[in-house]
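What follows is a set of notes on a single structure, which appears directly below.
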Amino acid sequence: MSVLGVLTGAVSVAIFKMAAFGVDPFQSFMSGISKLIPISFGTLYVIVNAVLLAFSLIFDRHYIGIATFINLFLLGYVTEYSYKLFRWLIPEPTLQLRVVFLIVGIVIICIGSSLYITANLGVSTYDAVALIMANKWKIGQFRFIRVCTDLCCVVLGVVMFIAGGGHLKEISTIAGIGTIITAFFMGPLIEFFNVHIARKILDGSKTEKT
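First residue of the sequence shown: 1, per full-length UniProt numbering; consecutive thereafter.
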């Protein structure tokens with residue numbers, strides 16, 4: 001379930017990029033950094049997540065598990081090559097198809113996050129930040145903290161993108177309508193899928209084992 005969640009998340013990021021209405025908030029942050037540091041997305045993803053991993057190990061290693069390392073070492077590369085495959089299959093998607101990509105991308109990324117969070121075998125280092133703030137530091141509910149961390153990622157991503165020489169007309173590729181939607185609704189949607197999909201799947205698998 002954890003592996004499925006991580007791989008689903010990776011493919012959903014590629015779908016987001018195909019929509020070209022912006023990417024999810026963390027990828028917006030990553031895109032900003034990649035504009036400043038010219039190395040491959042997959043390698044940069046590992047470096048940034050290694051820093052966030054250190055944060056999690058210091059404050060609450062409970063959220064670190066096998067899914068964390070699958071996410072750390074595979075997600076960036078799976079995203080990179082999935083996007084190349086999609087671009088090869090559909091080099092110039094129509095506006096209608098881009099809207100479909102946007103909707104599908106939002107739903108899939110939230111379901112993927114919900115699957116590996118609920119599996120309790122570790123979460124992504126980025127998800128761990130909001131979970132630690134919500135459950136360890138008791139700052140507030142996860143869905144509200146996630147909105148705040150997502151918005152911070154978008155702002156920082158745009159600032160770094162511009163600082164790295166990006167043009168204002170290109171900002172929509174990293175911070176578009178899709179980015180805004182996920183920034184405000186990804187946290188609540190993940191909680192919704194936790195209750196209505198992921199936990200039911202997990203409970204069902206436990207019942208079968210017993």
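In this text, a Cβ means the ideal position worked out from N, Cα and C, and glycines have one as well.
Could you tell me how far apart the beta carbons of A128 and I145 are, in whole angstroms, since I believe they sit closer than 8 Å? As a working note, residue 128 is residue 128 in the sequence shown. As a working note, residue 145 is residue 145 in the sequence shown. That pair is no contact at about 12 Å.
When you compare only the Cα positions, how much space is there between V123 and A183? Numbered from its first residue, the sequence shown carries residue 123 at position 123. Numbered from its first residue, the sequence shown carries residue 183 at position 183. Their backbone Cα atoms lie some 19 Å apart in a straight line.
Looking at the structure shown, is T182 part of a helix, part of a strand, or coil, going by DSSP? Position 182 of the sequence shown, counted from the start, is the residue given in the question as residue 182. In this structure, T182 counts as helix in the three-state DSSP scheme.
Under the assumption that S114 contacts I190 (Cβ atoms under 8 Å), give the Cβ distance between them as a whole number of angstroms. Residue 114 sits at position 114 when you count from the first residue of the sequence shown. Residue 190 sits at position 190 when you count from the first residue of the sequence shown. Rounded, the Cβ-Cβ distance is 5 Å, consistent with contact.
Expressed to the nearest angstrom, what Euclidean distance is found between the alpha-carbon atoms of G76 and A10? As a working mapping, residue 76 is identified with position 76 in the sequence shown. As a working mapping, residue 10 is identified with position 10 in the sequence shown. Distance between the alpha carbons of G76 and A10 is about 7 Å.
What is the DSSP secondary structure of V158, reduced to helix, strand or coil? Start at 1 with the first residue of the sequence shown, and residue 158 comes out as number 158. It is helical.
Looking at the unbroken alpha helix (DSSP H) that takes in S28, where does it start and where does it end? If you number the sequence shown from 1, residue 28 lands on position 28. Start and end: 25-36.
Give the DSSP-derived three-state secondary structure of T43 in the structure shown. On the sequence shown, residue 43 is found 43 positions in, with the first residue counted as 1. Of the three classes helix, strand and coil, the one that applies to T43 here is helix, per DSSP.
Within 10 Å of its beta-carbon, does G165 have 16 or more other beta-carbons around it, so buried, or fewer, so exposed? Numbered from its first residue, the sequence shown carries residue 165 at position 165. With fewer than 16 other Cβ atoms within 10 Å, it is exposed.
Just to confirm before moving on: does the CB-CB distance between G105 and F16 stay below 8 Å? Residue numbering aside, residue 105 sits at position 105 when the sequence shown is read from its first letter. Residue numbering aside, residue 16 sits at position 16 when the sequence shown is read from its first letter. It is a contact, given that the beta carbons lie within the stated cut-off.
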